[in-house]
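Protein chains in written order, with the numbering used here: chain C, 1 to 331; chain W, 332 to 675. Quick reminder that beta carbons are idealized off the backbone N, C-alpha and C, glycines included.
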Amino acid sequence: MNSPFPKSSSADGKGCIIVRRLPSGVSDLETFEYQYPLKLVTPKRPPQTSALVYLLSYGGGLVGGDQINLTIEVKTGARLSLATQGHTKIFKSASPDIVTRQIMRVNIATGAAVCLLPDPVQPFARSVYEQLQIFRLAQNASLCLLDWVTEGRTALGEHWSFVKWVGRNEVWTVAEDQDTQDRLLVRDVAILDSKRVHLQLPVLRESMNGLSVFGTLILRGPLMKSVGEFFLAEFGALPRLGARDWRNDDAKDSKESVDRLSPLDKWRAERHQREKDNKVMWSASSVRGCVVVKFGAPTVEDGRLWVGSMLTQEGSIAQNFGDQALMCLRW
Amino acid sequence: MILSKVNGESGHEIDDEIADLERRLAEAKTKRSHSTSLNSHPPLTKPLSSPLTSPTHFLLLLSDSALPLGSFAFSSGLESYLAHQKVVFGQPSSFASFLPLSISSYASTTLPFVLAAHRDPSLANLTALDDALDAAIVCTVGRRASVAQGRALLSIWERSFAGALAEQGTAGGAGGGTDVNDALRGFSALLRSSSNTSSSSSSSTTTTTTTPTSTPALTNGDNTPTTTPISSPNNDPPPPPPVAAHLGPLFGALCALAGLGLEQTAYVFMVSHVKALVSAAVRAGMFGPYQAQKTLASAAVQGLVAAVVQREWETPVEEAGQSVPVMDLWVGRHEVLYSRIFNS
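Encoded structure:
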């Protein structure tokens, strides 16, 4: 049916990034293409260890109905970091059937690596958004993927006030030869829908139980082995909920007991206290050769502080991809 | 006979009445001939033949809380929710607020897999669904609960239902019954063989990582040897086993085998979840057995279950997902509780 209204200004923003590894060992952008509303930027002096691309959009956000379709190929042995410069804003849609969509397909060749640590997506009130990110990993390929979403514009009183937000992340291993098949390792899907199919169901903002940000971190491959194990170990070392510390206050705060702690123990004790004060909830699981971390916090900045602090403390991301890879997680 | 001649030209109604009277007369006569005592009771309604009642019969078995799935061991995040609301947030907690979230979450993550398995309970599809669900439950505690109950259900089929359902498949001629039995048999064999190989392959990788350069061909295990030389040995963990045996797809397939309809299957699956939650609440001391039954009987629960079944009716399994993200945190963080009475 022809609409009597003028066509929406939404556009299909295609993009393509191909990264190769030069004989010198430097990761080089072989192909770097994008069109409105997608904008890609790479620094003049990228980090030594990895290529770096900022995923941006004109105007700092996606207007209702915008489509972004980004294809990325990272060739054998190359490394790519992807970051953003500020929240990805999702503006309102004129009607619930106008979906703003971002699709990213990433192929990671043997021994190659991708580190995607963007700022969170910030869906404004009345926005409708779908995000699909598919990562296909060859043997020994590595992936660090952070996907997080906020309640919206907190300052304007927005608190999960959008129409719909769907985020889907898939991690596949690619068949090495014709006899084997591609295998899905992890498919993580979040569906935040303001539509309630029954009156007994709480409204979306109630079902988020006070969270302002919610995120998923997926780690896979040789380069992420150490950081993955770090999250699992830290999760195992979390204080038990409902346990009591039977020592008296003097013993707890005594200088000797604090001094005896190693720097890691000290950092951990401080982090535990911060998690308790900030009500940061997180969990980590080892799933089909990947480590999946989920976290949520009552404020966006506390969520950023938590995930940034964890990755900085462990250190291997910065080592393998450069400090810039973590720039969206600075607090 | 005489009556029919007299009223020969009347309408159908009288003919019908006569036919009915004659039938009743005949029935009364046979009754008198069969029993010595005369009785003037109206004829009993004819009992349904057993093949017709079989789906209902299995509906009752599959919805019975005595079905040994071990569901009592799992609270689906309820226990963790209670602890977190109290300790972390200092907020009041209530079953009334947890229940709708849990129903919505369980339906959005799992129900599409149940429906898909019922629609196509072939071995190939059952295996694919199980693998896809295994990739989608990204939480140790949730996986444990789903797999424990799935394997229990497979055992129930194997040890208790398979014989009866195979007979019914041949006798009732419902068609496809034997196929589903075969699919479940194949699935069970796959599960047994994969649990054997997965333990051996994981041990082989731990040994090869210590000597990475010696024999790279061995790291591929039973895979066909790769022709292209790979500069570094494969450091990837072994691929996941082909099947894990999650509850959802197996439940869908077993219900299809037992002759339950798609709607019935979805409804029983969700109601069983609610029953397990309510029973967990009773054991957690939230309320007593009368309140539990009141909750189960409520229009709210009926309405919620029906609404989520409808919501997920056409959801493709690729688009199934978590509608209540905080549920993943509650379930995942069950492990950090100091004291636990449930496994999830």
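In terms of residue numbering, what span does the alpha helix (DSSP H) encompassing residue i cover?
i: Ile678 (chain W); result: Given a span of 332 to 675 for chain W in the structure shown, any question on residue 678 (chain W) remains unanswerable.
i: Tyr412 (chain W); result: 409–418
i: Asn140 (chain C); result: Segment: none, Asn140 (chain C) is in no alpha helix (DSSP H) and carries neither H nor E.
i: Gly15 (chain C); result: Taken as a continuous stretch (DSSP letters only), Gly15 (chain C) belongs to no alpha helix (DSSP H), being part of the beta strand (DSSP E) at 12–21.
i: Thr98 (chain C); result: The sequence as given places Ile at residue 98 (chain C); Thr does not occur at that position. Where Ile98 (chain C) is concerned, there is no enclosing alpha helix (DSSP H), given that its DSSP letter is neither H nor E.
i: Lys625 (chain W); result: 620–628
i: Leu38 (chain C); result: Here Leu38 (chain C) belongs to no alpha helix (DSSP H); instead the beta strand (DSSP E) covers 38–41.
i: Val53 (chain C); result: Val53 (chain C) -> not in any alpha helix (DSSP H); beta strand (DSSP E) instead, spanning 51–57.
i: Ser435 (chain W); result: 426–450
i: Ser654 (chain W); result: No alpha helix (DSSP H) contains Ser654 (chain W), which DSSP labels as neither H nor E.
i: Met379 (chain C); result: Because chain C spans 1 through 331 in this model, residue 379 (chain C) falls outside it and cannot be assessed.
i: Trp644 (chain W); result: Neither: Trp644 (chain W) is in no alpha helix (DSSP H) and is coded neither H nor E.
i: Lys266 (chain C); result: 263–278
i: Phe582 (chain W); result: 578–588
Indicate whether residue i and residue j have their beta-carbon atoms separated by less than 7 Å.
i: Val667 (chain W); j: Leu211 (chain C); result: no
i: Phe135 (chain C); j: Leu146 (chain C); result: no
i: Thr84 (chain C); j: Leu55 (chain C); result: yes
i: Ile90 (chain C); j: Tyr129 (chain C); result: yes
i: Ala466 (chain W); j: Leu184 (chain C); result: yes
i: Arg13 (chain C); j: Pro37 (chain C); result: Position check: residue 13 (chain C) holds Gly in this sequence, whereas Arg was assumed. Yes, the pair counts as a contact, with Cβ atoms nearer than the cut-off.
i: Val648 (chain W); j: Ala497 (chain W); result: no
i: Cys470 (chain W); j: Gly663 (chain W); result: yes
i: Ser93 (chain C); j: Ser127 (chain C); result: yes
i: Thr150 (chain C); j: Val213 (chain C); result: yes
i: Pro573 (chain W); j: Leu521 (chain W); result: yes
i: Ser24 (chain C); j: Ala78 (chain C); result: no
i: Pro431 (chain W); j: Leu201 (chain C); result: yes
i: Ala576 (chain W); j: Leu460 (chain W); result: no
i: Val74 (chain C); j: Val19 (chain C); result: yes
i: Val186 (chain C); j: Cys290 (chain C); result: yes
i: Gln133 (chain C); j: Met104 (chain C); result: yes
i: Phe600 (chain W); j: Val445 (chain W); result: yes
Given a threshold of 16 other Cβ atoms within 10 Å of its Cβ, counted over all protein chains shown, does residue i qualify as buried or as exposed?
i: Lys294 (chain C); result: buried
i: Thr544 (chain W); result: In this predicted model, Thr544 (chain W) has a pLDDT of only 35, less than 50, meaning its place in the structure is not dependable; the value taken from the coordinates is given anyway. So Thr544 (chain W) counts as exposed.
i: Asp659 (chain W); result: buried
i: Ser531 (chain W); result: Low confidence applies here, because Ser531 (chain W) scores a pLDDT of 43, under 50, leaving its location unreliable and the question unanswered by this model.
i: Gln595 (chain W); result: buried
i: Arg244 (chain C); result: exposed
i: Arg21 (chain C); result: buried
i: Pro443 (chain W); result: buried
i: Gly421 (chain W); result: exposed
i: Gln324 (chain C); result: buried
i: Ala112 (chain C); result: buried
i: Ile191 (chain C); result: buried
i: Gln319 (chain C); result: exposed
i: Ser207 (chain C); result: buried
i: Ala357 (chain W); result: exposed
i: Asn527 (chain W); result: exposed
i: Ala447 (chain W); result: buried
i: Thr173 (chain C); result: buried
i: Lys625 (chain W); result: exposed
i: Ile672 (chain W); result: exposed
i: His343 (chain W); result: exposed
i: Thr216 (chain C); result: buried
i: Glu270 (chain C); result: exposed
i: Ser402 (chain W); result: buried
i: Pro571 (chain W); result: buried
i: Ser324 (chain W); result: It is not possible to answer for residue 324 (chain W), since the shown part of chain W is limited to 332 through 675.
i: Glu301 (chain C); result: exposed
Quick one: give me the first and last residue of the beta strand (DSSP E) that residue i is part of.
i: Asp66 (chain C); result: No beta strand (DSSP E) contains Asp66 (chain C), which DSSP labels as neither H nor E.
i: Ser603 (chain W); result: Segment 593–614 is the alpha helix (DSSP H) holding Ser603 (chain W); no beta strand (DSSP E) there.
i: Thr31 (chain C); result: 27–34
i: Ser283 (chain C); result: 281–287
i: Val291 (chain C); result: 290–297
Fill in: Whole runs of the beta strand (DSSP E) within the stretch 155–241 of chain C, excluding any shorter than 3 residues
As far as the stretch 155–241 of chain C is concerned, its whole beta strand (DSSP E) runs of at least 3 residues are 164–173, 183–193, 213–220.
Fill in: the stretch 627–647 of chain W in contact with the stretch 177–197 of chain C per 3-pair CB rule at 8 Å
Because the criterion of three Cβ pairs below 8 Å is met, the stretch 627–647 of chain W and the stretch 177–197 of chain C touch.
Worksheet item: Are at least three pairs of beta-carbons, each pair with one atom in the stretch 479–497 of chain W and one in the stretch 576–589 of chain W, less than 8 Å apart?
Response: These segments touch.
Worksheet item: Is the stretch 607–624 of chain W close to the stretch 450–462 of chain W, with three or more CB pairs under 8 Å?
Response: No, because fewer than three Cβ pairs between the stretch 607–624 of chain W and the stretch 450–462 of chain W fall closer than 8 Å, the two stretches do not touch.
Discussion item. Using a Cβ distance threshold of 8 Å, determine whether the stretch 162–181 of chain C contacts the stretch 391–402 of chain W, with at least three qualifying pairs required.
Written reply: With a cut-off of 8 Å, the stretch 391–402 of chain W and the stretch 162–181 of chain C do not count as touching, because too few Cβ pairs lie within range.
Item to complete: Give, in chain order, every unbroken run of the beta strand (DSSP E) that is at least 3 residues long and sits entirely within the stretch 78–125 of chain C.
Response: Here the runs fully enclosed are 79–83, 88–90, 100–108, 113–116, 121–123.
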